[in-house]
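Quick note: the sequence shown uses my numbering, first residue 2, plus one each step.
To start, the structure under review is shown below, and the notes come after it.
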Amino acid sequence: MALGPHMRLARQADLAALFDLDAITQCQDSRREFITRAVACGQCWVATDAENAALLLGYGVLDNSFFGQDFIPLVVVRDSARRRGVGVAILRGFESRALGAKLFTSTNASNLPMQALLEKCGFIGSGQVENLDEGDPELVFVKIRA
Ligand SMILES: CC(C)(COP(=O)(O)OP(=O)(O)OC[C@H]1O[C@@H](n2cnc3c(N)ncnc32)[C@H](O)[C@@H]1OP(=O)(O)O)[C@@H](O)C(=O)NCCC(=O)NCCS
């Protein structure tokens, strides 16, 4: 990938490709419903290959579901496109699109790749929530925007 991915709002017509790139949708109806709702609300963004706009490399959702703050509930990069900077591009895209001074996100304590990505992008820890997933606390992170 010579150029970085391009980000655009997801459209209804992207749903099949979004389900295809996110393996969780194969086993969780709730994930498919979440994506469908986020697309309908204009909160889902896709990263496409700079040289092939039809190829979706990943997606992320930006909403304000966390105490009314800018919040990224989900970022997913296609398996075959990982470790090529797509996750960084999605987070940077959200930093430039978020409205408030603080951009929150969260991930499980067990999700070390996501934590490494957040650290690389300058997010810092902002507490944790117990009792969501048994034995796997939800870690909250924030990026204070310049
Ligand atoms: C977490 C995830 C989004 C990262 O996406 P990505 O496009 O592979 O990330 P990037 O290529 O932008 O990685 C940037 C940096 O993050 C860190 N990182 C990313 N994946 C990592 C891994 N598996 N192990 C260690 N560090 C990792 C590295 O510092 C990396 O920089 P480097 O490649 O120069 O070493 C991807 O692994 C994914 O989709 N996981 C499944 C879905 C998920 O768990 N989403 C998070 C919950 S919201």
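C-beta atoms are modelled at their ideal positions from N, C-alpha and C, and glycine is treated no differently.
Review point. Where does Cys45 land, buried or exposed, given buried means 16+ other C-beta within 10 angstroms?
Key: The residue given as residue 45 occupies position 44 in the sequence shown. When all chains shown are included, Cys45 counts as buried.
Exercise for review: Use the C-beta contact count for Arg79: other C-beta atoms within 10 angstroms, 16 or more gives buried, fewer gives exposed.
Suggested key: Position 78 of the sequence shown, counted from the first residue, corresponds to residue 79. Looking at its Cβ environment, which holds 16 or more other Cβ atoms inside 10 Å, Arg79 is buried.
**Study point:** Asp137 - partner residues in DSSP beta bridges
**Key:** Numbered from its first residue, the sequence shown carries residue 137 at position 136. According to DSSP, Asp137 bridges with Asp134.
Review point. With distances taken between CB atoms, is the gap from Arg32 to Asp23 smaller than 8 angstroms?
Key: The residue labelled residue 32 in the question sits at position 31 within the sequence shown. The residue labelled residue 23 in the question sits at position 22 within the sequence shown. Yes, Cβ-Cβ distance for Arg32 and Asp23 is below 8 angstroms.
Check your understanding: By Cβ distance, which residues of its chain are closer than 8 angstroms to Leu100, with the 5 residues on each side in sequence left out?
Key -> Locating residue 100 in the sequence shown gives position 99, counting from the first residue. Asp71, listed in sequence order.
Check your understanding: Where Ala117 and Val77 are concerned, what is the direct C-alpha to C-alpha distance, given to the nearest angstrom?
Key -> By 1-based counting over the sequence shown, the position of residue 117 is 116. By 1-based counting over the sequence shown, the position of residue 77 is 76. Between the C-alpha atoms of Ala117 and Val77 there is a straight-line separation of about 14 angstroms.
**Study point:** Ile36 burial status per 10 Å Cβ neighbour count (16 or more: buried)
**Key:** Here residue 36 corresponds to residue number 35 of the sequence shown, with the count starting at 1. Its Cβ being crowded by 16 or more others within 10 Å, Ile36 is buried.
Exercise for review: Tell me whether Arg85 counts as near ligand 1, meaning its Cβ is closer than 7 angstroms to at least one heavy atom of that ligand.
Suggested key: Position 84 of the sequence shown, counted from the start, is the residue given in the question as residue 85. Flag set: Cβ of Arg85 near ligand 1.
Check your understanding: Just the Cα atoms here: how many angstroms apart are Gly43 and Gly94?
Key -> The residue given as residue 43 occupies position 42 in the sequence shown. The residue given as residue 94 occupies position 93 in the sequence shown. Those two C-alpha atoms are separated by around 15 angstroms.
Check your understanding: Is the beta carbon of Val141 within less than 7 angstroms of some heavy atom of ligand 1?
Key -> Position 140 of the sequence shown, counted from the first residue, corresponds to residue 141. No; taking the cut-off as 7 angstroms, the Cβ of Val141 has no heavy atom of ligand 1 nearer than that.
Practice item. Using only the heavy atoms of ligand 1, determine whether one of them is closer than 7 angstroms to the beta carbon of Ala54. Key: Taking the sequence shown and counting its residues from 1, the one referred to as residue 54 is at position 53. No, the Cβ of Ala54 stays beyond 7 angstroms of every heavy atom of ligand 1.
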